[in-house]
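Residue numbers (our numbering): 1 to 118.
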């Protein structure tokens with residue numbers, strides 16, 4: 001089963017007022033989803049974000065955003081450049097391929113040398 005991890009691609013401090021406590025200490029973070037499997041490491045194009053107030057430690061959802069917060073979010077969303085969607089094989093994948101090639105080469109050798117006959 002593949003493990004999923006959200007990698008931080010952009011983090012910004014906002015000086016807008018928090019809708020909960022009206023303090024000016026907000027933190028906006030953009031994440032990109034990575035999946036780690038036994039044979040492949042995949043970088044997906046799926047992006048997510050989180051806006052947290054550092055004073056009251058509450059997550060601020062888009063429903064309660066003000067126009068100023070939304071304007072800053074749109075600006076920082078344009079500056080958050082995600083990694084390209086890709087898939088890379090792991091060391092386990094390469095070692096499995098190497099073992100299969102060695103087994104196939106051994107069978108071909110035994111067949112050619114006459115040790116195995118059909």
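Glycine residues also receive a C-beta, built at the ideal position from the N, C-alpha and C atoms. Keep in mind it's a predicted model, so treat the numbers as computed, not measured.
Query	Result
For residue 73, does the count of other Cβ atoms within 10 angstroms reach 16, so buried, or fall short, so exposed?	buried
Who are the Cβ neighbours of residue 116 in its own chain at under 8 Å, not counting the five residues just before and after it?	107 and 110
To the nearest angstrom, how far is the alpha carbon of residue 97 from that of residue 23?	57 Å
Could you check what DSSP says for residue 83 in three-state terms: helix, strand or coil?	coil
Using alpha carbons as the reference points, say which of 10, 5, 2 and 4 lies closest to residue 79.	10
Mark residue 77 as exposed unless 16 or more other C-beta atoms lie within 10 angstroms of its C-beta, in which case mark it buried.	exposed
What separation, rounded to the nearest whole angstrom, lies between the Cα atoms of residue 61 and residue 90?	37 Å
May I ask you to check if the CB of residue 25 is nearer than 6 Å to at least one heavy atom of the ligand SAM?	Absence of the ligand SAM from the depicted structure is noted, as is the absence of any ligand whatsoever, leaving it without description.
For residue 48 and residue 101, I'd like the C-alpha separation in whole angstroms.	41 Å
Look up residue 2 in the DSSP assignment and say whether it is helix, strand or coil.	coil
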